[in-house]
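Trainee: Numbering (my numbering), first residue to last: 669 to 1344. Below are the structure tokens for one structure; questions will follow.
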């Protein structure tokens, strides 16, 4: 055994109970995934203190010292896990969950490749030999898992899903039906807080198994909540844990995450989300034999960027945006033109939690073009003025290459090709052909194409078809699909009108924390009936830099409704901040500011005080609103020109503005124009 981990430490680990070993494995894999964040939660555990003393020579080490010894700590833990396996100390029921995590660590961290190397290969051989299906199905049917709380039962069952099960939908369906018969999976709605309490009530001997399994589930908000509860409670030393109030820990977590403690979930949707994530993780893993080429004891690594690019694209297709972005960024910095295309899209659309940055998007698209990447070259065309010769030349020149990529099955090129046909870029406009290519891309799993199809069918007022595509897009994890579907349930477009379903969808979108979360929060505020909740959701929306949320929140202060005191100055302040935001409804906001200045309602005084109009400022804001195409602003600005308020009287100008407002459908303007 390597001298880094002395025999005494190894004997100490091996002598622990099975439940304690599972907890130690949970802590070790958590640390290897995220040392800095998890240290605080684990530092009081005996095994951790023993490891730190062995590595640093000190009884207690500072955070900085732990950070400096990061590589040595990873080496210690890698060796400890491998030796526990060699000593047959690893529970067979956690073997698969542990293997999934170690394979991900192996694929993502170069240093850990060297440490885990041969051990992960050996572990995978063991896992590949496992065939749990018949025994697991029998156990479910015999009620082995039925005495557990439902959330615990599905975690225990999923931890036994071997490769054969995960690769065969038929087996997954059989196991699901067996769990439904045993009423492990039901449609019953259960409070989120009750699920979390079920987790807290699990014994320490059992919790490690649950933690290891849930750690294999990526980018699932509920799974992350459960992991957070386990870390806040079960990771504590025994004495400290016994002194903690479980309800308080749950309350703190709910407050920290900004959640509604009345949220309910069915175990059916929880299971669906978990199993979909497990499938996506499995599909996203690169086989070790593709990464590693062993010759004797020497390990060399395949640095082919194509493998990394495929992995990044799979993460992107699975809506694992943060992970995909980091991988694309690394590849782009290494000179990959295709990765530069994706970075350009991330900064322009944007996806996930990445903020829109047009300049960065422009930079990456141009750099991608310089490498000769076809998709990046196409996207530089969209940066140029419409109908410019250079823009049209790019589209016509690149069309053949985009078509070739699409015919070869590149689903991202298929989306771009569909978009070219829809808009007549580089080819004669052909809506049917555009939709055909978008559908090819969508059927292969590209959620962005699905969402575009939803938009197309909405523009055609084919709401049933649009709802179907928005739903499919959201099922893949794309937040905008859920946002649009929520609006459909509110309006009763293509689906039966159901505000409760709309709110449920908006909350799911908000909890993703992605680009559309601000609009989702505003949607919840508009639909919920409790006044104080309305304000809180509007605030959450505005905090997410959503201009719609700012508009809603300002309206509450302007009118003194929903439990807030009337305060025009605050309303004006919020509106001005909202106007500056990206993707804000700037026309509506500018018009609202124009109205407040027109009426002189810009201070802290409520309606029963005298307000002095500010016509010149009102005109400036109405002009800004007109530039954004706001219909009402045309009418209001026309009034100012007609009456000479803030501008010189100009009845000809007023008439033109009234006429435009009438064309937009403003009834008062129609009356004035008809009687002019």
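Using N, Cα and C, we set each Cβ at its ideal position, and we do this for glycine too.
Going by beta-carbon coordinates alone, are residue 750 and residue 787 separated by less than 8 angstroms?
Mentor: Yes. Within cutoff.
Trainee: Residue 1058 and residue 1070: beta carbons closer than 8 angstroms?
Mentor: In this structure, residue 1070 does not lie closer than 8 angstroms to residue 1058 by Cβ.
Trainee: Over what stretch of residues does the alpha helix (DSSP H) that includes residue 1200 continue unbroken?
Mentor: That run of the alpha helix (DSSP H) goes 1199-1211.
Trainee: Run through DSSP, which three-state label would residue 882 get?
Mentor: Here residue 882 sits in helix by DSSP.
Trainee: Taking 8 angstroms as the cut-off, does the region 989-1000 touch the region 1021-1028 (at least 3 CB pairs, one atom from each stretch)?
Mentor: The region 1021-1028 is in contact with the region 989-1000.
Trainee: Any idea what DSSP makes of residue 959, helix, strand or coil?
Mentor: With a pLDDT of 41 at residue 959, under the threshold of 50, the predicted position of this residue should be treated as unreliable, though the coordinate-derived value follows. In this structure, residue 959 counts as helix in the three-state DSSP scheme.
Trainee: Excluding sequence positions up to five away, which residues of its chain have a Cβ less than 7 angstroms from the Cβ of residue 1098?
Mentor: Excluding positions up to five away in sequence, the list reads 1089.
Trainee: I need the DSSP call for residue 733, collapsed to helix, strand or coil.
Mentor: Looking at residue 733 - three-state DSSP - the assignment turns out to be helix.
Trainee: Using CA coordinates, which residue listed in 708, 747 and 790 is at the minimum distance from residue 732?
Mentor: It is 708 whose Cα lies nearest to the Cα of residue 732.
Trainee: Name the one or two DSSP bridge partners that residue 857 has.
Mentor: In DSSP, residue 857 forms a bridge with 934.
Trainee: Check this for me: beta carbons of residue 817 and residue 934, under 8 angstroms apart or not?
Mentor: Not in contact: residue 817 and residue 934 (Cβ atoms no closer than 8 angstroms).
Trainee: Is the beta carbon of residue 1303 sitting closer than 8 angstroms to the one on residue 1329?
Mentor: A contact, by the Cβ cut-off of 8 angstroms.
Trainee: Out of curiosity, what's the CA-to-CA distance linking residue 1207 and residue 998?
Mentor: Each residue's alpha carbon lies about 36 angstroms from the other.
Trainee: Using the three-state DSSP reduction, which class does residue 1178 fall into: helix, strand or coil?
Mentor: Residue 1178: helix per DSSP, three-state reduction.
Trainee: Answer yes or no: the CB of residue 1288 versus the heavy atoms of the ligand SAM, is any distance below 7 angstroms?
Mentor: The ligand content of the structure shown is nil, which means the ligand SAM is not present either.
Trainee: How would you call residue 755, buried or exposed, if buried means at least 16 neighbouring beta carbons within 10 angstroms?
Mentor: By the 10 Å Cβ count, residue 755 comes out exposed.
Trainee: Cα-Cα, which of 1217, 1095 and 734 is closest to residue 1254?
Mentor: Ranking the options by Cα distance to residue 1254, first place goes to 1217.
Trainee: Starting from residue 987, trace the alpha helix (DSSP H) in both directions and tell me its first and last residue.
Mentor: Per DSSP, residue 987 belongs to no alpha helix (DSSP H) and is neither H nor E.
Trainee: Going by the CB atoms, is the gap between residue 895 and residue 883 shorter than 8 angstroms?
Mentor: In this structure, residue 895 lies closer than 8 angstroms to residue 883 by Cβ.
Trainee: Around the C-beta of residue 846, are 16 or more other C-beta atoms found within 10 angstroms, so that it is buried, or is it exposed?
Mentor: It is buried - the Cβ of residue 846 has at least 16 other Cβ atoms within 10 Å.
Trainee: On a CA-only basis, which of 761, 728 and 696 is nearest residue 743? Give me that one, please.
Mentor: Here the closest residue by C-alpha is 696.
Trainee: Would you identify the three-state DSSP class for residue 1111, choosing helix, strand or coil?
Mentor: Correct three-state label for residue 1111: helix.
Trainee: Residue 837 by DSSP, collapsed to three states: which one?
Mentor: Helix.
Trainee: Touch check for the region 832-841 and the region 863-877: three-plus C-beta pairs under 8 angstroms?
Mentor: The region 832-841 vs the region 863-877: no contact.
Trainee: Within a Cβ cutoff of 7 angstroms, which residues of the same chain sit near residue 874, ignoring the five residues on either side of it in sequence?
Mentor: 687.
Trainee: In three-state DSSP terms, what is residue 1161?
Mentor: The answer is coil: DSSP assigns residue 1161 none of H, G, I, E or B.
Trainee: Mind checking which residues open and close the alpha helix (DSSP H) that includes residue 1320?
Mentor: Start and end: 1319-1331.
Trainee: Less than 8 angstroms between the C-beta atoms of residue 1043 and residue 1007, yes or no?
Mentor: Result no, Cβ atoms of residue 1043 and residue 1007 do not sit closer than 8 angstroms.
Trainee: Assuming residue 1091 is part of the alpha helix (DSSP H), what are its boundary residues?
Mentor: Taken as a continuous stretch (DSSP letters only), the alpha helix (DSSP H) holding residue 1091 covers 1079-1091.
Trainee: Could you check what DSSP says for residue 1310 in three-state terms: helix, strand or coil?
Mentor: Correct three-state label for residue 1310: helix.
Trainee: Check residue 1096 in the structure and name its three-state DSSP category.
Mentor: Coil at residue 1096, not helix or strand.
Trainee: Would you call the CB atoms of residue 1158 and residue 1167 closer than 8 angstroms?
Mentor: Against a cut-off of 8 angstroms, the Cβ pair of residue 1167 and residue 1158 comes out as a contact.
Trainee: Excluding the 5 residues flanking residue 1252 on each side, which residues of the same chain have their C-beta closer than 6 angstroms to its C-beta?
Mentor: Result list for residue 1252: 1215 and 1246, in chain order.
Trainee: Classify residue 684 as helix, strand or coil using the three-state DSSP reduction.
Mentor: The answer is coil: DSSP assigns residue 684 none of H, G, I, E or B.
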